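For the sequence shown, the residue numbers in my numbering are 5 to 155. The structure appears right after this line, and notes come after that.
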Amino acid sequence: MIEKLERIVDEVGALHSKLILIIGEPGTGKTGLLRALAKNRGVTVLSVGSELGNQLSVVPQRQRHLQTTTILRELAEQHANGDLLLMDNIELLFDRSLQLDPIDLLKRHAHVKRVVAVWPGDLRDGRLTYAEMGHPEHQDYGLAGLVPFVI
Numbered sequence: 005m006i007e008k009l010e011r012i013v014d015e016v017g018a019l020h021s022k023l024i025l026i027i028g029e030p031g032t033g034k035t036g037l038l039r040a041l042a043k044n045r046g047v048t049v050l051s052v053g054s055e056l057g058n059q060l061s062v063v064p065q066r067q068r069h070l071q072t073t074t075i076l077r078e079l080a081e082q083h084a085n086g087d088l089l090l091m092d093n094i095e096l097l098f099d100r101s102l103q104l105d106p107i108d109l110l111k112r113h114a115h116v117k118r119v120v121a122v123w124p125g126d127l128r129d130g131r132l133t134y135a136e137m138g139h140p141e142h143q144d145y146g147l148a149g150l151v152p153f154v155i
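What follows is the structure in structure tokens.
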């Protein structure tokens, strides 16, 4: 599995949007696969939930949505190795108070760098979903502009 992911990471550099999402059921080894890639490539995984959360905790609640993209960009620069950025625990990006479009944000990072992120939701009928319908954080996306890596 790691060999296949390595090959896709190498090939995606030629695309306009270089976003690879690792998708799978809970407990299928998505984080372990990302960590193996990190070890092979000498990259530190950006744990968005803990690192972005820590940075945002000192920002007043009413200003967090204004600071999030800047802070995330700085964290991405710190964790990237060359043109490769690995991201895990991205659930915080779906927090409604931050007023973000998580896929759009990841795609913007993927215009500059190859981005491999663990998707915290599902892939159903060719659509990415996060949270169940009716949940306040529910999101539904097409696959345009990204490479799904299903495990």
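From the three backbone atoms N, C-alpha and C, an ideal C-beta is built for every residue, glycine too. Please read these numbers as outputs of a predicted model, since none were measured by experiment.
**Request:** Flag this pair as touching only if the region 107-114 and the region 43-62 have three or more C-beta atom pairs under 8 Å; answer yes or no.
**Result:** no
**Range of the contiguous alpha helix (DSSP H) that encloses V13** = Here residue 13 is taken as the residue at index 9 of the sequence shown, counted from 1. Element bounds for V13: 6-15.
**Request:** State the beta-bridge partners of N58 as determined by DSSP.
**Result:** In the sequence shown, counting from the first residue as 1, residue 58 sits at position 54. In DSSP, N58 forms no bridge with anything.
**Asked** By Cβ distance, which residues of its chain are closer than 7 Å to H113, with the 5 residues on each side in sequence left out?
**Response** By 1-based counting over the sequence shown, the position of residue 113 is 109. Correct list, in chain order: A80, L89, V119.
**Request:** Pull up the DSSP beta-bridge partners for V122, would you.
**Result:** The residue you call residue 122 lines up with position 118 of the sequence shown. I26.
**Message:** By the three-class DSSP mapping on this structure, what secondary structure does Q143 have?
**Reply:** The count along the sequence shown starts at 1 and reaches residue 143 at position 139. Strand, per DSSP.
**Prompt:** Would you say V49 touches the ligand FMN, meaning its beta carbon is less than 6 Å from a heavy atom?
**Reply:** No copy of the ligand FMN appears in this structure; indeed no ligand is present at all.
**Asked** Nearest-angstrom Cα distance between E29 and G130?
**Response** As a first step, residue 29 must be located in the sequence shown, where it is residue number 25. As a first step, residue 130 must be located in the sequence shown, where it is residue number 126. When rounded, the distance between both Cα atoms is 15 Å.
**Message:** Between R11, R128, Q143, K22, which has its C-alpha nearest D99's C-alpha?
**Reply:** Locating residue 99 in the sequence shown gives position 95, where the first residue counts as 1. Cα-wise, what sits closest to D99 is Q143.
**Item:** Secondary structure, alpha helix (DSSP H): runs of 4+ residues fully inside the region 60-137
**Value:** 68-83, 106-116
**Message:** For E95, tell me which candidate among R128, Y134, G138, G31 has the shortest Cα-Cα distance.
**Reply:** On the sequence shown, position 91 is the one that residue 95 refers to. That would be Y134, whose Cα lies nearest to the Cα of E95.
**Asked** What is the residue span of the beta strand (DSSP E) that V49 lies within?
**Response** The sequence position of residue 49 within the sequence shown is 45, counting from 1. First-last for V49: undefined, no H or E at that position.
**Message:** Buried or exposed, going by whether 16 or more other CB atoms sit within 10 Å of the CB of P64?
**Reply:** By one-based count along the sequence shown, residue 64 stands at place 60. By the neighbour-count rule (16 or more Cβ atoms within 10 Å), P64 is not buried but exposed.
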